[in-house]
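Notes follow the structure.
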Amino acid sequence: MRSSLESKLKSIWKSIRSRYYWVGLGHELLYDLFNTPEMSWGQRMWAYRRGFLVYRMTEYGLNEKNYSQYLSDTAYYNLHPINGHFSFWIDDKLTMKYVLHPFDNYLPRYYYHLGNGEQVTKLMDCPTDYGENLDAVLALLRQKGRLAAKLISGSRGQGFFKLTYHEGQYLLNDELLTLTELKAFLNRKESYLLTEWLSSNHELSRIWSGAASSVRIVVYRNKADQVRIAGAYVKFGTSVTGPVDNIAAGGISASVDIDSGSFADARIFRNNAMIPVKAHPDSGAVIAGTLPFWAEIRTILNAIGNYLPHFKYMGYDIVIGEDGFFIVEINSLPAIDILNCYSPLLADPEVAEFFNRLHQS
50 MRSSLESKLK SIWKSIRSRY YWVGLGHELL YDLFNTPEMS WGQRMWAYRR GFLVYRMTEY
110 GLNEKNYSQY LSDTAYYNLH PINGHFSFWI DDKLTMKYVL HPFDNYLPRY YYHLGNGEQV
170 TKLMDCPTDY GENLDAVLAL LRQKGRLAAK LISGSRGQGF FKLTYHEGQY LLNDELLTLT
230 ELKAFLNRKE SYLLTEWLSS NHELSRIWSG AASSVRIVVY RNKADQVRIA GAYVKFGTSV
290 TGPVDNIAAG GISASVDIDS GSFADARIFR NNAMIPVKAH PDSGAVIAGT LPFWAEIRTI
350 LNAIGNYLPH FKYMGYDIVI GEDGFFIVEI NSLPAIDILN CYSPLLADPE VAEFFNRLHQ
410 S
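The numbering of the sequence shown is our numbering, which starts it at 50 and goes up by one.
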């Protein structure tokens, strides 16, 4: 009887994982089909049989000798949810704020929740003398000068906006709006958070100041139950990306040395490949340096891992300011292609053991 029940539960679990695989990988498959006309049918079959999207052949430089060192797309997506039902605790940005309350000094201030048209709800960091209506939201914007609006469950830079008030004018992503147009934007039906606007430390903004350059850090829990960093890179926006630093949208990545926090080896995504660049195409600044507060960042991520022992795997997005750093987002299934580009994940024995263990569970 017990054996039969376990068999049914495993069957249901596989069905759930398979369903997520197609949903999670769907947009990647569409990109793969419509943006790789140069790839032959034989190349597509070679990649698909090994679990990779075909454009990974140029992005990673895949071949018969090295492909086994790279975690494939099918293998990765089929692991969801790596953290089980706890994934919601971090994937939802508002829930994350409550869950990480002991680390509130490392989180941006949350002012309002906007959703379902004119529904306005004050959040934990909103000044007490502000009301719950659009006029109050606009008053806060006038006081702060800049605010960030972001989808509660958005990712890849989607659903992120910069709101600005300057010398009597309102701007959305640096484009001038009338007051009526801004109110119409704030009345959208999607669920948004209004938080403080974060600016990068001068070490990063000297390279590009048009967007807050965030640091992606992927951590996992090894066999000894210790929190380890699988890889890290810093992202820079460009004149193409606007207020975000998303790599697929035209941003630039630079690999971060886990021990020292130094960054170098900058690359930009062009024609389905990661092309090396030495200087930022807009500012002309050389893309290399050292991340401030790196030792403290590692200490806090380790502390969060100990505070949340049921999380096996997380991808942090961190903005480093002049006086410290802020965790702006945590993903339970962060994109791994950039990490794979810099260093194949399965080439590290401990990281390979972690993913192999997940596949066997």
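The beta carbon of each residue, even a glycine, is placed where N, CA and C say it ideally should be.
What's the gap between the Cα of Q218 and the Cα of Y104? On the sequence shown, position 169 is the one that residue 218 refers to. On the sequence shown, position 55 is the one that residue 104 refers to. Distance between the alpha carbons of Q218 and Y104: 44 Å.
Would you mind stating whether V305 and L243 have Cβ atoms separated by less than 9 Å? Translated into positions along the sequence shown, residue 305 becomes position 256. Translated into positions along the sequence shown, residue 243 becomes position 194. For V305 and L243, no; Cβs fall outside 9 Å.
Under 9 Å, do G310 and T287 count as touching if we go by C-beta distance? Taking the sequence shown and counting its residues from 1, one reaches residue 310 at position 261. Taking the sequence shown and counting its residues from 1, one reaches residue 287 at position 238. No, Cβ-Cβ distance for G310 and T287 is not below 9 Å.
Closer than 6 Å by C-beta to T123: which residues in its own chain qualify, once you throw out the five before and the five after it? Chain order, please. For the purposes of this step, residue 123 is taken as residue 74 along the sequence shown, with counting starting at 1. If we look at T123 and ignore the five residues flanking it on each side, its Cβ neighbours are G100.
Leaving out five residues on either side along the sequence, give the residues of the same chain with a beta carbon under 6 Å from the beta carbon of P292. If you number the sequence shown from 1, residue 292 lands on position 243. Counting only Cβ-Cβ distances below 6 Å, and skipping sequence neighbours, we find K211, N222, A260.
With 16 as the cutoff for other CB atoms within 10 Å, does M363 come out buried or exposed? Locating residue 363 in the sequence shown gives position 314, counting from the first residue. Here M363 is buried. Its C-beta has 16 or more other C-beta atoms within 10 Å.
Taking 6 Å as the limit between beta carbons, can you name the residues of its chain near W257, skipping five residues before and five after? Taking the sequence shown and counting its residues from 1, one reaches residue 257 at position 208. Correct list, in chain order: F285, G286, H329, S332.
Along the alpha helix (DSSP H) that carries L407, what are the first and last residues, could you check? The residue labelled residue 407 in the question sits at position 358 within the sequence shown. That run of the alpha helix (DSSP H) goes 398 to 409.
Alpha carbon to alpha carbon, how far is Y241 from E113? Working through the sequence shown from its first residue, we reach residue 241 at position 192. Working through the sequence shown from its first residue, we reach residue 113 at position 64. Roughly 45 Å separates the two Cα atoms.
Looking only at C-alpha atoms, which of P130, L253, Q92, L231 sits nearest to G370? Working through the sequence shown from its first residue, we reach residue 370 at position 321. Considering only alpha carbons, the answer is L253.
Among F234, F375, L382, which residue has its Cα nearest to the Cα of G208? Here residue 208 refers to the residue found at position 159 of the sequence shown. Closest by C-alpha distance to G208, out of F234, F375, L382, is F234.
C-beta contact flag for N375 and P176 at 9 Å: Working through the sequence shown from its first residue, we reach residue 375 at position 326. Working through the sequence shown from its first residue, we reach residue 176 at position 127. Residue identity check: residue 375 is Phe in the sequence provided, not Asn. In this structure, P176 does not lie closer than 9 Å to F375 by Cβ.
So the candidates are L220, P383, N165; which of them puts its Cα closest to the Cα of N236? The residue labelled residue 236 in the question sits at position 187 within the sequence shown. With distances taken between Cα atoms, N236 lies closest to N165.
Backbone CA spacing between R406 and N351 [nearest angstrom]: Position 357 of the sequence shown holds residue 406. Position 302 of the sequence shown holds residue 351. Cα-Cα distance, rounded: 21 Å.
Quick one: residues in its chain with C-beta nearer than 7 Å to the C-beta of W71, no 5 flanking neighbours on either side, listed in chain order? Position 22 of the sequence shown, counted from the first residue, corresponds to residue 71. At W71, the pLDDT of 47 sits below 50, so the modelled position is not reliable and the matter cannot be decided from this model.
Cβ-based burial, I324 [other Cβ within 10 Å; buried from 16]: Start at 1 with the first residue of the sequence shown, and residue 324 comes out as number 275. Looking at its Cβ environment, which holds fewer than 16 other Cβ atoms inside 10 Å, I324 is exposed.
So, using beta-carbon positions, are C390 and R316 closer together than 9 Å? On the sequence shown, position 341 is the one that residue 390 refers to. On the sequence shown, position 267 is the one that residue 316 refers to. Against a cut-off of 9 Å, the Cβ pair of R316 and C390 comes out as a contact.
Nearest by alpha-carbon distance to I336: which of A344, V326, W343 is it? In the sequence shown, residue 336 corresponds to position 287, counting from 1. The shortest Cα separation from I336 among A344, V326, W343 belongs to V326.
Distance, N115 Cα to W138 Cα: As a first step, residue 138 must be located in the sequence shown, where it is residue number 89. As a first step, residue 115 must be located in the sequence shown, where it is residue number 66. The alpha-carbon atoms of W138 and N115 are separated by roughly 36 Å.
Consult DSSP for E378 and reduce its assignment to one of helix, strand or coil. Within the sequence shown, numbered from 1, the residue matching residue 378 stands at position 329. Strand at E378.
Q118 versus A96: straight-line alpha-carbon distance, rounded: The sequence position of residue 118 within the sequence shown is 69, counting from 1. The sequence position of residue 96 within the sequence shown is 47, counting from 1. So the alpha carbons of these two residues sit roughly 14 Å apart.
Straight-line Cα distance separating M94 from T348: Looking up residue 348 in the sequence shown gives position 299. Looking up residue 94 in the sequence shown gives position 45. Spanning the two alpha carbons is a distance of roughly 44 Å.
Near H408, what residues of its chain come up, given a Cβ to Cβ distance below 8 Å and the 5 sequence neighbours on each side ignored? Taking the sequence shown and counting its residues from 1, the one referred to as residue 408 is at position 359. So the qualifying residues of the chain are A124, L128.
Considering only the beta carbon of each residue, do G194 and W246 sit closer than 9 Å? Position 145 of the sequence shown, counting from 1, holds the residue named residue 194. Position 197 of the sequence shown, counting from 1, holds the residue named residue 246. By the CB criterion at 9 Å, G194 and W246 fall inside the cutoff.
Need the endpoints of the alpha helix (DSSP H) that E113 sits in, please. Position 64 of the sequence shown, counted from the start, is the residue given in the question as residue 113. No alpha helix (DSSP H) holds E113; DSSP gives it neither H nor E.
Beta bridge counterpart(s) of D366 as assigned by DSSP: Numbered from its first residue, the sequence shown carries residue 366 at position 317. Looking at the DSSP assignment, D366 forms a beta bridge with R265, E378.
Let me know if V268 comes out buried or exposed under the rule of 16 or more other beta-carbons within 10 Å of its beta-carbon. As a working mapping, residue 268 is identified with position 219 in the sequence shown. So V268 counts as buried.
Candidates I379, P130, L196, of which the one nearest G354 by Cα: For the purposes of this step, residue 354 is identified with residue 305 of the sequence shown, where counting begins at 1. In this structure, I379 is the residue among I379, P130, L196 with its C-alpha nearest to the C-alpha of G354.
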